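Visitor: Numbering (our numbering), first residue to last: 32 to 132. For each residue, glycine too, the CB sits at the ideal point set by N, CA and C. As the structure is a computational prediction, the values presented were derived from the model and not from experiment. Below you will find the structure I want to go over with you.
Encoded structure:
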């Protein structure tokens, strides 16, 4: 929503964020996302989908891979599907799933 009076023209986008933080903290996160996207670029607020094959190609037998997960995220199907495509599976005993949590 537009600010009343001349404030819409007087305030910089950053000053509008400061005012928003004071008046409507419930709206701050979305406004920060828009501000960062406008100032720094959309790459800083829009995450590209995870690509398991690209991640695999960056690893080696000397480079371990760790997944830092959020609640409800399970990379097991991604790993298993990639493994099957490379001929690595639990069926042929070349894949063992070890859960640490």
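Return the bridge partner residues of residue 91 from the DSSP annotation.
Guide: The residue labelled residue 91 in the question sits at position 60 within the chain shown. Partner(s): 94.
Visitor: Got a sec, what are the start and stop residues for the alpha helix (DSSP H) residue 38 sits in?
Guide: By one-based count along the chain shown, residue 38 stands at place 7. Residues 38-41.
Visitor: First and last residue of the alpha helix (DSSP H) that includes residue 118?
Guide: Locating residue 118 in the chain shown gives position 87, where the first residue counts as 1. First-last for residue 118: undefined, no H or E at that position.
Visitor: Taking the alpha helix (DSSP H) that residue 130 falls in, what are its first and last residues?
Guide: By 1-based counting over the chain shown, the position of residue 130 is 99. Note, residue 130: premise wrong, no alpha helix (DSSP H); not H, not E.
Visitor: Quick one: give me the first and last residue of the alpha helix (DSSP H) that residue 69 is part of.
Guide: The residue you call residue 69 lines up with position 38 of the chain shown. Residue 69 -> alpha helix (DSSP H) spans 59-71.
Visitor: Residues in its own chain within less than 7 Å of residue 114 by CB, not counting five upstream and five downstream?
Guide: Numbered from 1 along the chain shown, position 83 holds the residue referred to as residue 114. So the list reads 120, 126, once near-sequence residues are dropped.
Visitor: Could you spell out where the alpha helix (DSSP H) holding residue 35 opens and where it closes?
Guide: Residue numbering aside, residue 35 sits at position 4 when the chain shown is read from its first letter. Looking at the DSSP string, residue 35 is not in any alpha helix (DSSP H), and its letter there is neither H nor E.
Visitor: Compute the beta-carbon to beta-carbon distance between residue 48 and residue 66, rounded to the nearest angstrom, for a pair I have assumed lies under 8 Å.
Guide: As a first step, residue 48 must be located in the chain shown, where it is residue number 17. As a first step, residue 66 must be located in the chain shown, where it is residue number 35. Sure, about 6 Å apart at Cβ, within 8 Å.
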